[in-house]
Structure formats: C-alpha cells, structure tokens
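Report on one structure; see the data block that follows.
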Amino acid sequence: MESGRILGIAYNVIPVKDVEKSAEWFVKHFGFNIRNKRDGYLSLFRENRPILDLIQSEHESRAVFEVNGRKRWVITFFTDDIESLHSRLQAGDVKVGSLSDEGKYGKFFVLEDLDGNLFDVWEHRDCELVY
C-alpha cells in the first residue's frame, strides 16, 4: 500500500453554545465518551475512535447550510440498526425527521442537536464502514 494517502476522516468539529451541556446531550443520546477537555473545547469518542470535537462559539453559525431553501447537514453518522436508533431518539425527545428508505442507497433520517446543528443518520449494508 502506498503511504501518505488520506485514509478517512478522523473527526468533525462543530460549533456549540455550551460545550458541557452539548457534550452531556451527545453522551446521553449516543453513548459517546468525553476526552481531551480544554477550555471551550472537548472531544467525543465512540470507545477509542474520535467522532466529534465540540467547540464553544458565541457566533450563531452552525454546522448546516441551505440548498434551494432547505437546510442540509454536513455530517452523516452511520448505524447498524436505524429503526431502533430512530425510535430511541424519538422517545428521548430528540428532534428527528422521518425515516426514509432509499433502496440501494440505504435508509436515512435527519436529526438536530441542542444548537441547531443538523446530522444525517445512515444505514447501509453494502459499504465498508468500521463499527
């Protein structure tokens, strides 16, 4: 294998109003663990794998953009059981969109965190993803 190549995405950085409050929300709903706490910044991991870095921002910009007047996400999580996750998040009063089955492209839904950052959630059986 050739060295010096991009092997994947290590983590994503998202802006939040309150790092501690936001971290508690992600731990509660997704089981992430907290690492690398610094003033106004911390990392969220799934076991030993980095997932998100939260950075405190007073600015109102969030991890979202618009296309044709529709808000879109910049990060997609993957799961091995989208129906169970969707149901659990709904029961936990998380703002989630409806489940969408797009056949060969997989199943999806969108969720919103405490700060209005949007995330897509995806389940697909034919892609090489590390769980």
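The sequence shown begins at 1 in the UniProt record's numbering and counts up by one. Glycine included, C-beta positions come from ideal geometry on N, C-alpha and C.
Distance between residue j and residue i (C-alpha atoms, nearest Å)
i, j, result
"S22", "I34", "11 Å"
"Q56", "E24", "14 Å"
"E58", "E2", "42 Å"
"D101", "S61", "30 Å"
"G8", "D53", "16 Å"
"G116", "G4", "36 Å"
"D39", "F32", "19 Å"
"R72", "G97", "12 Å"
"L89", "V121", "12 Å"
"G103", "D126", "12 Å"
"G69", "A63", "16 Å"
Burial state of residue i (16 or more Cβ within 10 Å)
i, result
"I14", "buried"
"A91", "exposed"
"residue 156", "Outside the displayed range of the chain (1 to 131) lies residue 156, so it cannot be described from this structure."
"N87", "According to the sequence provided, residue 87 is Ser. The question's Asn does not apply to it. Counting Cβ neighbours within 10 Å, S87 comes out exposed, since fewer than 16 surround it."
Beta-carbon spacing of residue i, residue j below 9 Å
i, j, result
"K107", "I82", "yes"
"Y11", "P50", "yes"
"L99", "F109", "yes"
"L114", "V27", "no"
"F77", "F30", "yes"
"E47", "D80", "no"
"K95", "L85", "no"
"Y41", "V19", "yes"
- Can you give, in chain order, each stretch of the beta strand (DSSP E) that sits fully within the UniProt domain "VOC" (8-124) and has at least 3 residues? If we require 3 residues or more, the beta strand (DSSP E) runs fully inside the UniProt domain "VOC" (8-124) come out as 12-16, 33-38, 41-46, 49-56, 64-67, 70-73, 75-78, 107-112, 118-123.
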